[in-house]
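Inspection log for the structure reproduced underneath, given as structure tokens.
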Amino acid sequence: MQKGVKFRIYPNKEQQTIINQTLGCCRLIYNKGLAMRNETYQNGNKIGYSQTSAMLTDLKKSDDFAFPKAVDSIALQQSLRDLDRGFVNFFQNRASHPKFKSKHNHHLIREQRKLSRKEKGSTNRNKQRVKVALLHEKITNQRNDFLQKQSTMLIRENQTICIEDLKVKNMMRNHKLAQHIGSASWSKFFDMLSYKSIWYGNDIVKVPTMYPSSQTCSCCGFKNPIVKNLAIRKWECPECHTKHDRDTNASINILNKGLKMQSA
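Everything in the sequence shown is counted per the numbering used here, starting at 1061 for the first residue and increasing by one.
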């Protein structure tokens, strides 16, 4: 049996700066590697650690991304190995799909823990409470900025947008999905699309919630009830043998259904 020892370190200011730079660069490389693998996978191909490692080498040669040279290269490579392990666990159904890492979410958790350790009624607790509130506000502003830009881009580039009429309140009852749904702010995003479509004269078509977009094969129309299980992310149609990604297939079905509803 192997045992490990976990202990706290007390870095000085110079060491703290180096640690923060390393963590920031590792997060950047991890997210770029994840984006690269997602894009490649959507195009029907697969890549592994060696391809993302080559991407890191090219980034270091670029003038725009010269700052990773200042941190330990082993740490950067390890972030890509962690990403590769995450995909291995995902494909073997041992874990969920790897997610992009956010600086502020980890920062918020750390500051909330500090708040919980402060004595109630103390001046330090009040200072920490204000600090947590300001961080919440910053995260909210960043999310709103992202939603505004994405909704405006979609409205400007498309005359008709078809979306599923999701019952967000009902979905929030699922404790496994509630946090992710809340962070995505779906209701607010739908509201932005709605009022901006009026401004630009576009059409928003809402496909009924009960429409089995995930279960229906977008090629032949066969309905596969097994796919109702959210854990199934990829499936092959038993009728026409087309291989589907759950979300991509559902998006195609929602678009086709919405266009039919619009023309009816």
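Backbone N, C-alpha and C define an ideal beta-carbon position, used for all residues, glycine too. Every value quoted in this text rests on a predicted model; they were computed, and no experiment measured them.
Starting from residue i and walking both ways along the alpha helix (DSSP H), at which residues does that stretch end?
| i | result |
| --- | --- |
| residue 1148 | 1133 to 1151 |
| residue 1256 | 1246 to 1260 |
Going by the beta-carbon positions, is the gap between residue i and residue j smaller than 7 Å?
| i | j | result |
| --- | --- | --- |
| residue 1225 | residue 1158 | no |
| residue 1139 | residue 1222 | no |
| residue 1253 | residue 1211 | yes |
| residue 1215 | residue 1256 | yes |
| residue 1192 | residue 1171 | yes |
| residue 1278 | residue 1287 | no |
| residue 1321 | residue 1265 | yes |
| residue 1249 | residue 1195 | no |
| residue 1109 | residue 1144 | yes |
| residue 1119 | residue 1125 | yes |
| residue 1220 | residue 1251 | no |
Please check the pair residue i and residue j, which I expect to be a contact at CB under 8 Å, by giving their CB distance rounded to whole angstroms.
| i | j | result |
| --- | --- | --- |
| residue 1283 | residue 1298 | In fact, because the Cβ distance is near 11 Å, the residues do not count as touching under 8 Å. |
| residue 1107 | residue 1100 | 5 Å |
| residue 1199 | residue 1168 | 7 Å |
| residue 1185 | residue 1179 | 6 Å |
| residue 1162 | residue 1203 | Not a contact, Cβ separation roughly 10 Å. |
| residue 1148 | residue 1081 | Their Cβ separation, rounded to whole angstroms, is 29 Å, which puts residue 1148 and residue 1081 out of contact at 8 Å. |
| residue 1317 | residue 1306 | Actually they are not in contact, since the Cβ atoms of residue 1317 and residue 1306 sit about 16 Å apart, beyond 8 Å. |
Should residue i be labelled buried (16 or more other beta-carbon atoms within 10 Å of its own) or exposed?
| i | result |
| --- | --- |
| residue 1090 | buried |
| residue 1190 | exposed |
| residue 1151 | exposed |
| residue 1064 | exposed |
| residue 1304 | buried |
| residue 1281 | exposed |
| residue 1094 | buried |
| residue 1146 | buried |
| residue 1350 | Beyond the ends of the chain as shown, which are 1061 and 1324, falls residue 1350; an answer cannot be given. |
| residue 1309 | buried |
| residue 1136 | buried |
| residue 1183 | exposed |
| residue 1077 | exposed |
Counting along the chain, where does the beta strand (DSSP E) carrying residue i start and finish?
| i | result |
| --- | --- |
| residue 1308 | Unbroken run through residue 1308 is the alpha helix (DSSP H), 1306 to 1323; no beta strand (DSSP E). |
| residue 1224 | 1220 to 1224 |
| residue 1265 | 1263 to 1267 |
| residue 1217 | Counting along the chain, residue 1217 falls outside any beta strand (DSSP E), though it belongs to the alpha helix (DSSP H) covering 1183 to 1217. |
| residue 1161 | Counting along the chain, residue 1161 falls outside any beta strand (DSSP E), and DSSP gives it neither H nor E. |
| residue 1296 | 1294 to 1296 |
Practice prompt. Any chance you could list the alpha helix (DSSP H) runs of at least 4 consecutive residues sitting entirely within the region 1073 to 1120, in chain order?
Written response: 1073 to 1102
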